[in-house]
Amino acid sequence: MTFRPLAFATAMALCPCVACADIYKYVDADGNVTFTDRYRPGAQKVLSDFGPSRGHTSSTKTRVSSRPSPANFPRVTPKTQRQRDDLRHQILLDERSHETRMLAEAKAALATSLSKPGVDVSSLNEALRRHQQNIGMLDKELSRFK
């Protein structure tokens, strides 16, 4: 008899229940703020869960910034951005060479520890794995450069 509640729970999980409503913010004359799903004169729409209607979508989607940058927002020249990118690339290369050295040291420490009886090598294996993972992440980040 436990099958029936399980089947019901599974069926309910597979049936998505969708509720959509516009949310309006209304401030009355006394300054009381009310959020509601019904429009009142003077209310402002603060949230809309409805997507665009099917008939009004365009085939070419243009990306419009929801918050355009202010007019006095600092601009970065291409030369400055290139210098920043070059510096970041050099830092990543230095970090990768350091991780490679640390990996070699961890391998050497593991090899010497394996020859000694009764030595716990789990922390050395963890350090080895961590250095390999760091090198993999650095390689992935370096592959993003042109």
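When we follow my numbering, the leftmost residue of the sequence shown carries the number 67, and every step to the right adds one. Glycine included, every Cβ here is placed at the ideal spot set by N, Cα and C.
Compute the Euclidean distance between the alpha carbons of residue i and residue j, then round it to the nearest angstrom.
i	j	result
Val99	Lys91	7 angstroms
Asp205	Glu161	10 angstroms
Gly121	Leu159	Because the pLDDT at Gly121 is just 48, under 50, the model does not fix this residue reliably, and the value given afterwards should be weighed accordingly. Their Cα atoms are separated by approximately 52 angstroms.
Gln198	Ala170	10 angstroms
Gln147	Pro107	49 angstroms
Pro134	Arg210	27 angstroms
Asp103	Ser132	24 angstroms
Asp151	Ser179	42 angstroms
Phe139	Asp186	57 angstroms
If you follow the beta strand (DSSP E) that residue i is part of, which residue opens it and which one closes it?
i	result
Phe139	It is not in any beta strand (DSSP E) - Phe139 carries neither H nor E in the DSSP assignment.
Tyr90	Asp88 to Val93
How many whole angstroms separate the CB atoms of residue i and residue j, which I take to be in contact at a CB cut-off of 8 angstroms?
i	j	result
Leu113	Ile89	4 angstroms
Inset, instruction - Can you check the region 146 to 212 for any alpha helix (DSSP H) of at least 4 residues that lies completely inside it and give the ranges in chain order? - result: 188 to 208
Legend entry - Any 3 or more C-beta pairs closer than 8 angstroms across the region 186 to 206 and the region 162 to 178: yes
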